[in-house]
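Sequence order for the protein chains is A and B.
Each residue of the first sequence is one higher than the last, beginning at 3 in my numbering.
Each residue of the second sequence is one higher than the last, beginning at 2 in my numbering.
Using N, Cα and C, we set each Cβ at its ideal position, and we do this for glycine too.
None of the values given here were measured: they were computed from a predicted structure.
Working notes for the structure below.
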Amino acid sequence: MNRIESIFSSGRESGRKLLMPFVCGGSPSLDDMRETLPALAEAGASIIEVGIPFSDPIADGPVIAEAMHHALESGVTPRSVMDVVASVRSSLSAGVVAMTSVSIVERMGRDRFVGMLADSGFDGVIFPDAPLEEAGPLAHAAAGRGLTTSLLVAPTTPVERAKQICDECTGFVYVLARAGITGESGGGPTRAIRERIEALRSVTHLPLAVGFGIGSPEHVRTVVSPEAGDADAAIVGTALVRRMNDAGPGNAANAAAAFCSELASGLV
Amino acid sequence: MPETLVAALRELERAYDEAIADDAFHAELDHLLKTFVGRATPLFEAKRLSGLAAERAGKDGAARIWLKREDLAHTGAHKINNTIGQALLTRRMGKRRVIAETGAGQHGVATATACAHLGLDCTVYMGAEDVRRQHLNVVRMKMMGAKVCPVDSGSRTLKDATNEAMRDWMSSVDTTHYILGSVVGPHPFPRIVRDLQACIGREAKEQFAEAMAGEGSKKLLPDCVIACVGGGSNAAGLFYPFIDDASVRIVGVEAGGRGPGLGSHAAPLSHGSPGVLHGSLSYVLQDEDGQTASVHSCSAGLDYPGVGPEHSYWKDVGRVEYIAVDDDQALDSMLLLSRMEGVLPALETAHAVAAAVRIAGEMGADRHIVINCSGRGDKDVDEAARLLRERGEPGFE
């Protein structure tokens, strides 16, 4: 069984919800990223999302977009991000999934790109800007190298279409807590997320991970608590990236771990 | 394209299909194009320019050159054809707010104008570098009640303004329509913008045949049509009605900038390769990792790393030739058309003029070329004067 699948399956068996932090690859530096991945796993992260920096991240707010631009300016490439993951993979208990624009995948070549991910120890990949209609070949390529494929379901997605999206996914489905871009503005998740989760449960058995606008232990609780959203996992991106950047090179891993522990308190 | 926008794109496609099946929509659009935009724009013969083309080619005569005068449309460019149509669609969808991206500011001005006319709230995203280069248009937009948001991220030009408009749309999609300004972006935008601009080619065809009939000729079609290509909307508008006319040679002119090296030009069809940008698969300027490359053109409206997917198709099937004209040739041609014909073209348009003069010289005097004179050059005079001063042009020191 793929590592992402087994992490979710053991979580469900034990009634445990998961925390999935997002880090921007190579931000604030590749060295910081190398220290951050194990630190996050120690601090309660079950699966870590690694964003491959992209020049035009239209779904990202200013914090992550700025982190990506900064990483690219300092010479970070998809290859160098993958190399960092490869260097820590053997000592890492957490799952690792890449989040990458299809612009990168299509240019580098689908099979070549997913092959590089698999060889570097990634367990899955999220395609945040792949529309359902174009996702088949991407999912097929990923499956060929044993990687899970996650696509996004938006609040604007009708349930029938959400079912088709879920059917293209493996591992987990990425559920947007709100329309809009990544970031802490626009308010955190509300209890209305439960209705959405219930509707999605009726069309898929895959684990549901909720992201966008999740930035505190309270938000995590709203998303995953059985009394509230009851999703399988909470995804935290901007709030973490901001703390890592504020801490700066050399201190980012410690700041990330401290915040991750804080977030993990929202799981119970 | 992020899933969040898929519902809005579907809604737009539905609204557009319903609109074009509705006679009342066409009646209102045509009325506005006639009485507000000033269509039909004239087809004007540039006789002295043709004479110069012959002289340069060392021949007795060159092809006759005709200008489709989109620079005479309200707001000074073809962009208004699209914004009036999409503003009407906005109203049909029951939305009250419009956002747009702009490079040279012509699309921003045209959007602000259409919104003012139809009572819609308007926000325009514009790269900070373009705000500097195209200050006149920033003021025009503000005069018309639009909010102009300078974009400081990335290269601070059109691509980044497009990113920011899409980010806005992701959060405001229920109440807001995004009036995209070119034949780029996700479906159905390339189709809608092409259709709304196709009045250029339809009129040109009709006007050309009329002009020929006036001379007692039975000639119906020009031998060649030429337009500049950034995203490609003025070109698509001129080309589309001629695509099935096999006798018509079609030439698109990209921004060659300072030369063919990546980062020095904005010519994805000439120097790029297929890739995904802003929701379509098309020729694009990217590095080997799929990161969008930086682009350069003296003209802010051509300064975009991608191009409409239909242009890529026309290139691949061999229907349209795409060539590049560099900054210096464009500047020369801006002066040339101004001095030979009393028409001061936009720097974008000047790229097409440069190509047309060369091609006219290669053709016989019984041949005809139609150039899309896509916009007027007032917006460019400060930037052009700066560049002319830089290269020591007499009179501009």
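Going along the chain, which residues of its own chain have a beta-carbon closer than 7 Å to the beta-carbon of residue i, five neighbours each way excluded?
{"i": "A/Val65", "result": "Gly185, Thr240, Val243, Arg244"}
{"i": "B/Glu342", "result": "Ala47, Arg49, Leu50"}
{"i": "B/Ala357", "result": "Ile66, Ile227, Ile370, Ile372"}
{"i": "A/Leu94", "result": "Leu39, Pro40, Ala43"}
{"i": "B/Pro242", "result": "Ala199, Gly202, Arg203, Lys206"}
Residue i to residue j, Cα distance in whole Å?
{"i": "B/Gly262", "j": "B/Gln330", "result": "17 Å"}
{"i": "B/Ile244", "j": "A/Gly148", "result": "46 Å"}
{"i": "B/Gly362", "j": "B/Ala47", "result": "14 Å"}
{"i": "B/Leu119", "j": "B/Ser339", "result": "34 Å"}
{"i": "B/Phe240", "j": "B/Ile360", "result": "17 Å"}
{"i": "A/Val158", "j": "A/Ala179", "result": "Note that residue 158 of chain A is Thr in the sequence shown, not Val. One C-alpha to the other measures close to 11 Å."}
{"i": "A/Ser8", "j": "A/Asp232", "result": "19 Å"}
{"i": "A/Asp85", "j": "B/Ala8", "result": "38 Å"}
{"i": "A/Gly126", "j": "A/Ala100", "result": "6 Å"}
{"i": "A/Val104", "j": "B/Ser281", "result": "11 Å"}
{"i": "B/Ser295", "j": "B/Gly186", "result": "18 Å"}
{"i": "B/Asp246", "j": "B/Lys206", "result": "11 Å"}
{"i": "B/Leu278", "j": "A/Pro130", "result": "14 Å"}
{"i": "B/Lys60", "j": "B/Pro223", "result": "21 Å"}
Using a Cβ-Cβ distance cut-off of 9 Å, determine whether residue i contacts chain A.
{"i": "B/Arg259", "result": "no"}
{"i": "B/Val185", "result": "no"}
{"i": "B/Asp131", "result": "no"}
{"i": "B/Ala101", "result": "no"}
{"i": "B/Met1", "result": "Limits of chain B in this structure are 2 at one end and 398 at the other, which puts residue 1 of chain B out of reach."}
{"i": "B/Asp290", "result": "yes"}
{"i": "B/Leu222", "result": "no"}
{"i": "B/Met2", "result": "yes"}
{"i": "B/His297", "result": "no"}
{"i": "B/Ser154", "result": "yes"}
{"i": "B/Thr5", "result": "yes"}
Once you ignore the five residues that flank residue i on each side, which residues in its own chain have a CB closer than 6 Å to its CB?
{"i": "B/Arg141", "result": "Val110"}
{"i": "B/Ala105", "result": "Gln135, Ala301, Gly302"}
{"i": "B/Glu181", "result": "The amino acid at residue 181 of chain B is misidentified as Glu; the sequence shows Leu. Correct list, in chain order: Phe190."}
{"i": "A/Leu1", "result": "As displayed, chain A neither begins before 3 nor continues past 270, which places residue 1 of chain A out of reach and without an answer."}
{"i": "B/Leu389", "result": "Phe397"}
Give a yes or no on whether 9 Å exceeds the smallest Cβ distance from residue i to chain B.
{"i": "A/Ile6", "result": "no"}
{"i": "A/Phe56", "result": "yes"}
{"i": "A/Gly138", "result": "no"}
{"i": "A/Leu153", "result": "yes"}
{"i": "A/Asp131", "result": "yes"}
{"i": "A/Gly63", "result": "yes"}
{"i": "A/Gly188", "result": "yes"}
{"i": "A/Ser29", "result": "no"}
{"i": "A/Ile106", "result": "yes"}
{"i": "A/Ser103", "result": "yes"}
{"i": "A/Ile9", "result": "no"}
{"i": "A/Ile50", "result": "no"}
{"i": "A/Ala255", "result": "no"}
{"i": "A/Leu178", "result": "yes"}
{"i": "A/Leu134", "result": "yes"}
{"i": "A/Ile60", "result": "yes"}
{"i": "A/Ala181", "result": "yes"}
Excluding five sequence neighbours on each side, which residues of the same chain lie with their C-beta closer than 8 Å to the C-beta of residue i?
{"i": "A/Val87", "result": "Leu39, Val52, Val98, Ser122, Gly123, Phe124"}
{"i": "A/Ser11", "result": "Met3"}
{"i": "B/Val152", "result": "Tyr126, Met127, Gly128, Ala129, Asp161, Ala162, Asn164, Glu165"}
Output yes if chain E places a C-beta closer than 9 Å to the C-beta of residue i; else output no.
{"i": "B/Thr124", "result": "Included in the structure are the protein chains A and B, with no chain E among them."}
Identify each residue in the segment 65 to 95 of chain A for which the Cβ-Cβ distance to at least one residue of chain B is less than 9 Å, and report them in chain order. Ala67, Glu68, His71, Leu74, Thr79, Pro80, Arg81
Cβ-based contacts, 7 Å cut-off: residues of the segment 199 to 217 of chain A near chain B: none
Report yes or no: do the segment 6 to 19 of chain A and the segment 30 to 46 of chain A share at least 3 C-beta pairs separated by less than 8 Å? no
Using a Cβ-Cβ cut-off of less than 7 Å, give me the residues of the segment 318 to 345 of chain B that come near chain A, in sequence order. none
Which residues, in order along the segment 161 to 176 of chain B, keep a beta-carbon less than 7 Å from a beta-carbon of chain A? Within the segment 161 to 176 of chain B, the qualifying residues are Asn164, Met167, Arg168, Met171, Ser172, Val174.
At a cut of 8 Å, does the segment 43 to 51 of chain A reach the segment 73 to 85 of chain A through at least three beta carbon pairs? no
Assess contact between the segment 31 to 46 of chain B and the segment 68 to 87 of chain B, defined as three or more Cβ pairs (one per stretch) separated by less than 8 Å. Is contact present? Yes: the two stretches touch, three or more of their Cβ pairs being nearer than 8 Å.
Contact the segment 205 to 219 of chain B vs the segment 159 to 177 of chain B: 3+ CB pairs below 8 Å: no
Give the residues from the segment 108 to 129 of chain A that approach chain B closer than 8 Å (Cβ to any Cβ), ordered along the chain. Glu108, Arg109, Met110
Taking 8 Å as the threshold, find out whether the segment 264 to 272 of chain B comes into contact with the segment 192 to 202 of chain B through three or more Cβ pairs. no
Pairing CB atoms from the segment 199 to 208 of chain A with CB atoms from the segment 138 to 147 of chain A, are three or more of them under 8 Å? no
Check each residue of the segment 152 to 171 of chain A: if its Cβ is closer than 8 Å to any Cβ of chain B, include it; give the result in chain order. Leu153, Leu154, Val155, Ala156, Pro157, Thr158, Thr159, Pro160, Arg163, Ile167
Where the segment 223 to 237 of chain A meets chain B: residues whose CB sits under 7 Å from a CB there: The residues in question: there are none.
How do the segment 311 to 331 of chain B and the segment 244 to 261 of chain B stand: do at least 3 beta-carbon pairs fall below 8 Å, yes or no? yes
Could you please tell me which residues of the segment 272 to 284 of chain B, in chain order, have their CB closer than 7 Å to any CB of chain A? Gly276, Val277, Leu278
Would the segment 298 to 318 of chain B count as touching the segment 145 to 164 of chain B if we require 3 or more Cβ pairs under 8 Å? In short, these stretches touch, since the Cβ pair count reaches three.
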